[in-house]
Amino acid sequence: MPRVFVAPDKFKGSLTATEVAAAVARGFTAGRPDVEVSCLPVADGGDGTLAAALAAGFEAVPVTATGPTGEPVETAFARLGDVAVVEMADVSGLARLPGGRRAARTATSRGTGEVVAAALAAGARRVVLGIGGSATTDGGAGLLQALGAELLDADGAPIGPGGAGLEQLARVDVSGVAAALGGAEVVVASDVDNPLTGPSGAAAVYGPQKGADPDDVAYLDRCLTRLADAVADATGRDLRDEPGAGAAGGVGFAALAVLGAQLRPGIDLLLDLLGFERLVAGADLVVVGEGSLDEQSLRGKAPVGVARRARAAGVPEVIAVCGRRDLDDAALREAGIDAAAALTDIEPDPDRCMTEAGPLLERLARRIAAEHLPTPT
6 MPRVFVAPDK
16 FKGSLTATEV
26 AAAVARGFTA
36 GRPDVEVSCL
46 PVADGGDGTL
56 AAALAAGFEA
66 VPVTATGPTG
76 EPVETAFARL
86 GDVAVVEMAD
96 VSGLARLPGG
106 RRAARTATSR
116 GTGEVVAAAL
126 AAGARRVVLG
136 IGGSATTDGG
146 AGLLQALGAE
156 LLDADGAPIG
166 PGGAGLEQLA
176 RVDVSGVAAA
186 LGGAEVVVAS
196 DVDNPLTGPS
206 GAAAVYGPQK
216 GADPDDVAYL
226 DRCLTRLADA
236 VADATGRDLR
246 DEPGAGAAGG
256 VGFAALAVLG
266 AQLRPGIDLL
276 LDLLGFERLV
286 AGADLVVVGE
296 GSLDEQSLRG
306 KAPVGVARRA
316 RAAGVPEVIA
326 VCGRRDLDDA
336 ALREAGIDAA
346 AALTDIEPDP
356 DRCMTEAGPL
366 LERLARRIAA
376 EHLPTPT
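Just so we're aligned: the sequence shown equals residues 6 to 382 in our numbering.
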């Protein structure tokens with residue numbers, strides 16, 4: 006009996022990774038009832054990370070936390086034993102902005118820190134923090150405050166939220182963070198290698214995505230510099246230029262400089278956590294996927310990460326499904342993918358590809374089954 010292992014990321018704006026996997030599985034079983042299909046929805050540290058952990062057997066632990074603009078939001082962390090998975094996008098992310106209105110100067114990462122604190126209080130000894138999709142450019146100040154750090158102005162009062170609050174920062178006291186961590190390990194899932202400040206920093210590169218105009222970018226960069234100076238004074242280490250410090254508006258910096266965290270490529274960290282090698286063993290075909298298979302996919306995105314790990318595990322063939330494809334065959338082969346099938350191959354209307362992605366994926370999967378699985382005897 007052929008074995009197919011389906012491990013896609015989301016089709017952004019259309020289907021979650023779980024929905025993509027289910028549609029592909031339905032197509033395979035409809036086309037080839039003799040096939041054994043297993044699914045593992047994946048993510049690379051951004052939105053969908055929590056769902057991927059839950060699909061792999063983690064338990065959801067509900068938490069009420071502070072949203073990016075101060076309103077309470079209902080979120081959760083995922084728990085398995087003493088390991089917890091926290092998704093920044095689900096508490097401090099762009100999708101949590103009321104009405105979708107960007108708040109470049111004032112959005113806070115406090116809620117992410119509150120979820121991490123809740124996981125630690127529940128007994129987590131290892132916290133995996135996915136930081137993609139953030140709405141914030143506060144250098145992780147809110148996260149640190151939620152974990153016991155004091156960020157104070159010249160009068161000794163706590164500073165306000167967001168990057169703008171850093172304008173008043175005079176002193177940082179991180180002595181309370183060690184007690185909150187209690188010796189637990191923090192690992193951050195991130196594919197960003199930007200420093201905290203400067204022309205390649207958090208404000209300059211990612212601020213515009215979060216609503217920052219050129220004046221905001223310059224202002225936020227000055228505020229992040231103020232934070233970096235204060236943290237260096239408090240810790241004796243200056244990590245503003247470390248690769249990844251600029252991730253998630255500077256949450257990478259806070260994690261490195263104060264939490265003592267490790268930064269790891271998102272998809273590799275998640276695949277390790279979910280036990281990918283054990284689950285994929287013996288598969289004849291692995292199906293990967295995401296909404297757009299393009300140059301960005303080659304920079305550590307989920308489909309390529311899964312394909313490379315599947316190849317290393319000895320899987321003989323890897324096929325990608327996507328909404329649209331902008332990579333040629335040579336680039337795909339270099340990434341460990343034998344072939345790709347796009348929704349646009351069978352439906353030229355991009356609007357229908359978005360609204361009817363599920364049924365179209367089922368059709369693609371039936372075609373892949375016919376073309377890439379051995380004929381039953």
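C-beta: ideal position from N, C-alpha, C; glycine also.
Taking 8 Å as the upper bound for CB-CB distance, MET93 and THR117 are in contact here, some 5 Å apart. Of all C-beta pairs linking the stretch 206 to 217 to the stretch 178 to 189, fewer than three are shorter than 8 Å, placing the two stretches out of contact.
For the 8 Å CB-CB criterion, VAL133 and LEU274 form a contact. Rounded to the nearest angstrom, the gap between the Cα atoms of ALA260 and GLY147 is 12 Å. Our two residues, ALA154 and ASP178, have alpha carbons roughly 6 Å apart in a direct line. If you check the CB distance, ALA151 and ARG176 do not come in under 8 Å. The three-state reading of DSSP puts GLY72 in coil, since its state is none of H, G, I, E or B.
Counting only the Cα atoms, VAL25 lies some 16 Å from ASP49. Residue environment analysis places SER19 among the buried positions, since at least 16 neighbouring C-beta atoms fall within 10 angstroms of its C-beta. In the pairwise beta carbon analysis, the stretch 366 to 373 is classified as touching the stretch 26 to 40: at least three pairs are separated by under 8 Å.
VAL292 is positioned such that its CB atom lies no closer than 8 Å to that of VAL320. Counting C-beta pairs with one atom in each stretch, the stretch 91 to 107 and the stretch 52 to 62 have three or more that are closer than 8 Å, which means they touch. In terms of CA proximity to GLY328, GLU295 leads the group GLU295, ALA123, VAL9, ALA22. In the three-state reduction of the DSSP assignment, PRO77 falls in the strand class. GLN267 and GLY144 have their C-alpha atoms roughly 17 Å apart.
Within the stretch 160 to 191, the complete beta strand (DSSP E) segments at least 3 residues long are 176 to 178, listed from N- to C-terminus. Taking each of LEU125, ASP220, GLU339 in turn and checking the Cα distance to VAL68, the smallest one comes out for LEU125. Taking C-beta separations shorter than 6 Å and ignoring five residues to either side along the sequence, the partners of GLY363 in its chain run ALA28, following chain order.
When GLY36, PRO7, VAL47, THR23 are compared, the shortest CA-CA separation from ALA312 is found for VAL47. Straight through space, the alpha carbons of GLY128 and ALA189 are spaced by roughly 9 Å. Remark: three or more beta-carbon pairs, one from each stretch, lie closer than 8 Å, so the stretch 228 to 239 and the stretch 194 to 203 are flagged as touching. Taking a C-beta distance under 8 Å as the contact criterion, THR142 and GLY105 do not qualify as a contact pair. By the 16-neighbour rule on beta-carbons within 10 angstroms, PRO77 is exposed. SER302 and ARG330 have their C-alpha atoms roughly 10 Å apart. Annotation: LEU174 to GLY287 spans about 56 Å, alpha carbon to alpha carbon. For the beta strand (DSSP E) assignment, the uninterrupted runs of no fewer than 3 residues enclosed by the stretch 247 to 287 are, from N- to C-terminal side, 267 to 269.
The DSSP-derived three-state label of SER195 is coil.
Runs of the beta strand (DSSP E) lying entirely within the stretch 135 to 160 and spanning at least 3 residues, in chain order: 155 to 157. With respect to ILE272, GLY310 sits close: the two C-beta atoms are nearer than 8 Å.
In this structure LEU45 is in contact with ALA12, their Cβ atoms being roughly 5 Å apart against a cut-off of 8 Å.
PRO219 counts as exposed, since fewer than 16 other beta carbons sit within 10 angstroms of its beta carbon. In the DSSP assignment, VAL320 falls outside any beta strand (DSSP E), carrying neither H nor E.
ARG8: not part of any alpha helix (DSSP H); member of the beta strand (DSSP E) spanning 8 to 11, first to last residue.
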